[in-house]
Amino acid sequence: MNCSLSNTMSARALLSSLSLTPKTPPDISAQKRNHCLGFKHKYPFHFRIRVRLSSQSQQERCHVNFRVSARSSSGERGGGKVRADVKSEPYDISESIPESVKFEEVVDGVVLGKKELELELDSESESESSVPWWEQFPKRWVIVVLCFSAFLLCNMDRVNMSIAILPMSAEFNWNPATVGLIQSSFFWGYLLTQIAGGIWADTVGGKMVLGFGVVWWSIATILTPIAAKIGLPFLLVVRAFMGIGEGVAMPAMNNLLSKWVPVAERSRSLALVYSGMYLGSVTGLAFSPFLIQHYGWPSVFFSFGSLGTVWIAVWLSKAHSSPLDDPELRPEEMKLIMTNSVSKEPVKTIPWRLILSKAPVWALIVSHFCHNWGTFILLTWMPTYYNQVLKFNLTDSGLVCVLPWLTMAFSANFGGWIADTLVSKGFSITRVRKIMQTIGFLGPAFFLTQLSHVNSPAMAVLCMACSQGTDAFSQSGLYSNHQDIAPRYSGVLLGLSNTAGVLAGVFGTAATGYILQHGSWDDVFKVSVGLYLVGTVVWNLFSTGEKILD
Numbered sequence: 118m119n120c121s122l123s124n125t126m127s128a129r130a131l132l133s134s135l136s137l138t139p140k141t142p143p144d145i146s147a148q149k150r151n152h153c154l155g156f157k158h159k160y161p162f163h164f165r166i167r168v169r170l171s172s173q174s175q176q177e178r179c180h181v182n183f184r185v186s187a188r189s190s191s192g193e194r195g196g197g198k199v200r201a202d203v204k205s206e207p208y209d210i211s212e213s214i215p216e217s218v219k220f221e222e223v224v225d226g227v228v229l230g231k232k233e234l235e236l237e238l239d240s241e242s243e244s245e246s247s248v249p250w251w252e253q254f255p256k257r258w259v260i261v262v263l264c265f266s267a268f269l270l271c272n273m274d275r276v277n278m279s280i281a282i283l284p285m286s287a288e289f290n291w292n293p294a295t296v297g298l299i300q301s302s303f304f305w306g307y308l309l310t311q312i313a314g315g316i317w318a319d320t321v322g323g324k325m326v327l328g329f330g331v332v333w334w335s336i337a338t339i340l341t342p343i344a345a346k347i348g349l350p351f352l353l354v355v356r357a358f359m360g361i362g363e364g365v366a367m368p369a370m371n372n373l374l375s376k377w378v379p380v381a382e383r384s385r386s387l388a389l390v391y392s393g394m395y396l397g398s399v400t401g402l403a404f405s406p407f408l409i410q411h412y413g414w415p416s417v418f419f420s421f422g423s424l425g426t427v428w429i430a431v432w433l434s435k436a437h438s439s440p441l442d443d444p445e446l447r448p449e450e451m452k453l454i455m456t457n458s459v460s461k462e463p464v465k466t467i468p469w470r471l472i473l474s475k476a477p478v479w480a481l482i483v484s485h486f487c488h489n490w491g492t493f494i495l496l497t498w499m500p501t502y503y504n505q506v507l508k509f510n511l512t513d514s515g516l517v518c519v520l521p522w523l524t525m526a527f528s529a530n531f532g533g534w535i536a537d538t539l540v541s542k543g544f545s546i547t548r549v550r551k552i553m554q555t556i557g558f559l560g561p562a563f564f565l566t567q568l569s570h571v572n573s574p575a576m577a578v579l580c581m582a583c584s585q586g587t588d589a590f591s592q593s594g595l596y597s598n599h600q601d602i603a604p605r606y607s608g609v610l611l612g613l614s615n616t617a618g619v620l621a622g623v624f625g626t627a628a629t630g631y632i633l634q635h636g637s638w639d640d641v642f643k644v645s646v647g648l649y650l651v652g653t654v655v656w657n658l659f660s661t662g663e664k665i666l667d
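If you count the sequence shown from 1, you need to add 117 to reach my numbering.
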């Protein structure tokens with residue numbers, strides 16, 4: 118050995134100070150020990166400690182490497198190493214060096230002139246390194262992203278008719294009344310499956326129901342050009358069938374997220390999923406004119422509908438109705454989900470009387486009606502308002518068409534981040550839901566009242582965009598509340614409240630036409646503002662963020 122014996126004793130002293138007792142694990146919990154060494158699971162394991170002492174002849178300093186390796190009974194391996202400079206000092210040797218400490222002489226690797234101790238822990242588990250990064254992505258967010266993409270397809274397939282109806286009506290000589298009938302036929306099926314979809318999702322699981330919905334409406338989208346060429350009755354049936362498929366999407370999604378997403382991430386996850394609807398509208402409005410111009414109007418339905426086959430292939434291989442059904446879910450993520458949510462047993466019966474006896478449930482239903490009255494009017498009559506009042510040529514103003522959807526997509530995610538941040542800082546869920554939904558009601562009400570006072574088209578567009586942007590805060594308010602008050606029945610609750618919301622859209626759209634025939638746009642906005650105020654009062658008086666149904 119080229120280094121002095123005093124160096125040996127210094128090395129031994131350093132071993133003692135670092136608590137690296139040979140063949141004895143440090144006195145820490147198994148969980149921390151496994152994490153430090155790169156293990157995922159709490160398996161029994163064995164330590165091996167190797168010390169290498171490097172020197173060149175009789176120098177004052179020697180470079181010492183301490184390496185700790187460990188192997189679990191499952192075959193996983195991890196390790197760490199300590200590198201230090203050891204200074205020679207005289208010692209009286211009073212005891213022998215333990216046999217378990219073995220020093221190996223190495224010629225290279227000498228480091229001179231450093232006094233600090235460098236500690237470097239390596240996590241070299243073979244099982245971890247062999248798993249691609251995308252496999253380590255949290256599974257709950259895989260579910261969220263897949264739901265987002267489903268809602269993206271949902272609105273792409275819905276809005277394409279609003280563009281394709283123009284060349285279709287010219288080809289088949291449809292009058293405005295027929296066009297209105299075709300547009301409304303979607304809601305015939307959509308209304309039928311709101312509550313039914315919620316019951317189905319809560320009893321058999323959201324994976325099957327959402328998968329069924331995407332496949333059903335994708336097939337209906339592809340069949341639309343064929344039905345139109347056969348005859349009007351066939352087209353009406355196909356559009357109603359499409360509504361049946363899209364009607365189950367929201368209840369099924371709500372059921373899935375109530376099981377997969379912890380409370381602290383609920384607002385963000387729902388906001389992301391619902392922003393898929395807004396971005397789907399943007400995508401549909403952007404690509405439909407291009408496809409129609411170059412390949413004809415049937416290409417819109419064939420291309421958009423075929424995307425559903427790609428989605429369902431990924432969905433069937435990656436999605437599960439509950440974390441308990443996923444064999445690939447990592448234990449740490451399972452623990453995170455299960456300790457921050459409620460029982461995941463499927464629902465066998467729906468306690469209708471109990472559900473309808475709760476004031477917060479009726480607060481949801483009434484608020485959803487008030488919210489959707491204003492929202493549907495803004496989205497369905499906005500192009501007419503731009504054309505008649507602001508004198509915009511919508512054909513040449515694509516940005517004006519998509520601006521509200523982009524604003525809502527941004528605001529929904531921003532509001533979700535705010536809501537989850539407030540919850541994490543200790544705000545009660547009830548308080549957060551009331552704050553977010555109050556913004557979702559009073560924001561649109563304020564900006565709609567300003568429309569009669571603006572003098573320029575640019576300011577009018579800004580007011581409309583701000584109105585719909587603040588409206589999107591509702592995704593962290595009433596749209597998140599179903600999972601708060603009744604996680605096991607969240608699909609049924611969303612079906613109930615969304616039925617009221619769809620009826621508000623149907624009646625509100627029709628009432629707006631009547632009001633415009635006998636009044637003005639100011640009268641239209643006054644009705645919406647009045648309902649926003651009613652919703653604000655009802656929500657703040659009767660809503661809650663606490664669980665009321667087990």
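Beta carbons are placed, not taken as given, at the ideal position from N, Cα and C, and that holds for glycine.
Query: By how many angstroms is the C-alpha of K508 removed from the C-alpha of G108?; Result: No statement about residue 108 is possible, as the shown extent of the chain runs from 118 to 667 and does not include it.
Query: My guess is that G662 and S541 are in contact by the Cβ rule of under 8 Å, so how many angstroms apart are they, rounded?; Result: Between S541 and G662 the Cβ distance is about 14 Å, and since that is not below 8 Å, they are no contact.
Query: Can you give me the Cβ contacts of S302 inside the same chain, cut-off strictly under 7 Å, excluding the 5 residues immediately before and after it?; Result: L353, R356, A357
Query: Just the Cα atoms here: how many angstroms apart are Y649 and L539?; Result: 24 Å
Query: Could you check which residue in V609, V651, A403, A267 has the C-alpha nearest to that of K465?; Result: V609
Query: Using three-state DSSP, classify H437 as helix, strand or coil.; Result: coil
Query: State the start and end residues of the unbroken alpha helix (DSSP H) segment that holds K475.; Result: Element bounds for K475: n/a, residue is neither H nor E.
Query: Taking the CB atoms as reference points, tell me whether L595 and Q554 lie closer together than 8 Å.; Result: yes
Query: Consult DSSP for P350 and reduce its assignment to one of helix, strand or coil.; Result: helix
Query: Taking Cβ positions, are A436 and I260 nearer each other than 8 Å?; Result: yes
Query: Could you tell me the alpha carbon to alpha carbon distance between V506 and T310, rounded to whole angstroms?; Result: 37 Å
Query: What does the alpha-carbon distance come out to for the pair N290 and L283?; Result: 10 Å
Query: With respect to the alpha helix (DSSP H) encompassing A589, which residues constitute its N-terminal and C-terminal limits?; Result: No alpha helix (DSSP H) holds A589; DSSP gives it neither H nor E.
Query: Does A603 come out as helix, strand or coil in the three-state DSSP assignment?; Result: coil
Query: With a threshold of 16 other CB atoms inside 10 Å of the CB of K346, please say whether the residue is buried or exposed.; Result: exposed
Query: CA-CA distance, V262 and V390?; Result: 7 Å
Query: What residue from T492, L633, M325 has the CA that sits closest to W522's CA?; Result: T492
Query: So, for A717: in the same chain, excluding its five sequence neighbours on each side, which residues have a beta-carbon less than 7 Å away from its beta-carbon?; Result: Look at the range of the chain in this structure, 118 to 667, and you will see that residue 717 is not part of it.
Query: Quick one: Cα of F404 to Cα of S420, how far?; Result: 11 Å
Query: In angstroms, rounded to a whole number, what distance separates the CA positions of L424 and N572?; Result: 44 Å
Query: In three-state terms, what does DSSP make of P161?; Result: Because P161 carries a pLDDT of 47, less than 50, the predicted location of this residue cannot be relied on, and no value is offered for it.
Query: With distances taken between CB atoms, is the gap from G586 to M525 smaller than 8 Å?; Result: yes
Query: Would you kindly work out how many angstroms separate the C-alpha atoms of C583 and R447, rounded to a whole number?; Result: 42 Å
Query: Measure how close the beta-carbons of A577 and L568 come, nearest whole angstrom, since I'm counting them as under 8 Å.; Result: 6 Å
Query: Going by other Cβ atoms of all chains shown within 10 Å of its Cβ, with 16 needed for buried, is Y412 buried or exposed?; Result: exposed
Query: To the nearest angstrom, report how far apart V321 and P255 are at their CA atoms.; Result: 24 Å
Query: Report, in whole angstroms, the separation of the C-beta atoms of F558 and G652, which I expect to be a contact under 8 Å.; Result: 5 Å
Query: So for V464, helix, strand or coil by DSSP?; Result: coil
Query: Pick helix, strand or coil for S598, following the three-state DSSP scheme.; Result: Going by the sequence as given, residue 598 is Asn instead of Ser. N598: helix per DSSP, three-state reduction.
Query: Measuring alpha carbon to alpha carbon, tell me which residue in V380, V326, M359, V478 is nearest T341.; Result: M359
Query: Would you say L327 and A369 are within 8 Å of each other, going by their C-beta atoms?; Result: yes
Query: CA-CA distance, Y631 and S645?; Result: 14 Å
Query: Considering only their Cβ atoms, is the gap separating L633 from V641 smaller than 8 Å?; Result: yes
Query: For a test of the three-state rule: what should DSSP assign to N371, helix, strand or coil?; Result: helix
Query: To the nearest whole angstrom, what separates the beta carbons of L269 and G422, a pair I think is in contact under 8 Å?; Result: With 8 Å as the limit, L269 and G422 do not qualify as a contact, their Cβ atoms being about 14 Å apart.
Query: Where T626 and M455 are concerned, what is the direct C-alpha to C-alpha distance, given to the nearest angstrom?; Result: 43 Å
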